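For reference, the structure is listed below as structure tokens.
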């Protein structure tokens, strides 16, 4: 547990730095271009490598030392941040530079994230998985809480270049914690892999492992479906807020989301061992859907704040409980590939959602809710009409569909009974 805590501390510091630069770059791109499509392209550039690289990354995580994989992933992110800092310092920063840097950063993250998730079951005993994963989410939450407020203040004094420099320095802290620690050797058996296994063989083994455990495939399918619906609109939240309020309000709302994440992480760290994780996935997905629906119904800081808090709390619980199920049910020597596959499938849905949402927002829903027509006349009586109301309408639809998909999932016995019918990998 000591090694995990050292690495966790380094990741916490680095995540705060990454959160600072992400917020600053999001605001900069939107203010420079005033385009939802250009803004969504940032998210697309971060999601695409996770689809393209994750299969190879998963194999690397299961074959190589996971600490070294994390180091390589962090180094690539640090290099991309340093490049943006140099461009901003010389006054040459352009949106397309940010897209390239995000692509490089995401490629490193495609290796780093599954390596970190898979290493948790190596570094932490099973009875402390709740605590470890709760702390992991608290680190993410701390970044979401501190970074937007800090970035909103620092943007006016340090500008983008200063924030990028801070991000690079926090990366060095994370790198140091990885350099001074060691991971236990990964035990390998005939069902796992060998250093002579080909990439193709190892990839097929990962798919076969899932096929033999169909209940895990149901988890994947549910997460993919809800990820698509939720990503359709969450990528539009920043443009929605900035079209109605200031960047300071955006920072305040995102910080409320950070508080929700922290409380979600704390809740999971003390989660009773005998509770069914799959029910937590479904119950809190319902709550996330209600949050999206609320954003669609009314444009008000109080409503947005409550919705963001509820959504991020729910998102933490859903993601972490799904991760714990995989850590318990998937053999350690396969976890790199399985977590990478989870990242790839969810990211593929996210990419489809980003492409769809930017087009629908700019060319369908926004024009629809700003003109006199049957839909705007009917829906406008509930959510209003004008700039930004098309995005509100999209939030409403996504919320309703998310709730509907989850209600259907409640009717699937193999999914509901996965923890009872599928034994833990170490039993």
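In this note's numbering, the protein residues as written are 1 to 427. We treat Cβ as the ideally placed atom computed from N, Cα and C, and that holds for glycine. Fair warning: this is a prediction, and the values are worked out from it, not measured in the lab.
Rounded to the nearest angstrom, how far is the Cβ of residue i from that of residue j, given a contact under 8 Å?
i           : j           : result
residue 329 : residue 216 : 7 Å
residue 431 : residue 219 : Nothing about residue 431 can be reported from this structure: the residues present for the chain run from 1 to 427 only.
residue 99  : residue 155 : Actually they do not touch by this definition, with Cβ atoms about 20 Å apart.
residue 393 : residue 403 : So it is not a contact: roughly 16 Å between Cβ atoms.
residue 103 : residue 70  : The Cβ separation is near 19 Å, so there is no contact.
residue 228 : residue 353 : 5 Å
residue 258 : residue 135 : Actually they do not touch by this definition, with Cβ atoms about 15 Å apart.
residue 327 : residue 120 : 6 Å
residue 32  : residue 125 : Between residue 125 and residue 32 the Cβ distance is about 49 Å, and since that is not below 8 Å, they are no contact.
residue 243 : residue 350 : Contact doesn't hold; Cβ gap of about 22 Å is too wide.
residue 166 : residue 249 : About 23 Å; that fails the 8 Å criterion.
residue 282 : residue 409 : 6 Å
residue 87  : residue 97  : 5 Å
residue 168 : residue 91  : 18 Å between Cβ atoms; not a contact.
On a CA-only basis, which of the options is nearest residue i? Give me that one, please.
i           : options               : result
residue 237 : 268, 426 and 308      : 308
residue 358 : 391, 336, 370 and 371 : 391
residue 50  : 122, 355, 182 and 341 : 341
residue 278 : 412, 68, 44 and 254   : 412
residue 68  : 122, 95 and 182       : 182
residue 161 : 89, 139 and 129       : 89
residue 210 : 339, 348 and 32       : 339
residue 280 : 167, 4, 406 and 351   : 406
residue 46  : 396, 344, 365 and 360 : 344
residue 414 : 214, 86 and 97        : 214
residue 296 : 249, 408, 419 and 241 : 241
residue 18  : 54, 52, 6 and 106     : 106
residue 348 : 418, 44 and 208       : 44
residue 65  : 53, 184 and 159       : 184
residue 9   : 127, 360 and 170      : 170
residue 127 : 1, 418, 401 and 397   : 1
residue 397 : 419, 423 and 360      : 360
residue 93  : 164, 375, 207 and 212 : 164
Between residue i and residue j, is the Cβ-Cβ spacing less than 7 Å?
i           : j           : result
residue 143 : residue 48  : no
residue 256 : residue 305 : yes
residue 298 : residue 425 : no
residue 346 : residue 223 : yes
residue 362 : residue 37  : yes
residue 83  : residue 101 : yes
residue 293 : residue 225 : no
residue 118 : residue 12  : no
residue 247 : residue 27  : yes
residue 313 : residue 251 : no
residue 233 : residue 395 : yes
residue 203 : residue 55  : yes
residue 137 : residue 316 : yes
residue 123 : residue 4   : yes
residue 333 : residue 311 : no
Indicate whether at least one CB of chain C lies closer than 7 Å to the CB of residue i.
i           : result
residue 326 : Among the chains of the structure shown, chain C does not appear; only one protein chain is present.
**Asked** Touch check for the stretch 259-278 and the stretch 315-334: three-plus C-beta pairs under 8 Å?
**Response** Three or more Cβ pairs closer than 8 Å define a contact, and the stretch 259-278 meets that threshold against the stretch 315-334.
**the stretch 251-265 / the stretch 377-397 touching (three or more Cβ pairs under 8 Å)** = Touching, no, given that fewer than three Cβ pairs across the two stretches are closer than 8 Å.
**Asked** Are the stretch 278-294 and the stretch 173-180 in contact at 8 Å, needing three or more beta carbon pairs?
**Response** In short, these stretches do not touch, since the Cβ pair count stays below three.
**Request:** Check whether the stretch 225-237 touches the stretch 16-23, counting contact only when three or more Cβ pairs, one atom from each stretch, lie closer than 8 Å.
**Result:** With a cut-off of 8 Å, the stretch 16-23 and the stretch 225-237 do not count as touching, because too few Cβ pairs lie within range.
**Item:** Contact the stretch 145-153 vs the stretch 366-382: 3+ CB pairs below 8 Å
**Value:** Per the Cβ contact rule, the stretch 145-153 is not in contact with the stretch 366-382 (fewer than 3 Cβ pairs under 8 Å).
**contact_flag[the stretch 59-75, the stretch 108-119] where n(CB pairs < 8 Å) is 3 or more** = Taking 8 Å as the limit for Cβ pairs, the verdict is that the stretch 108-119 does touch the stretch 59-75.
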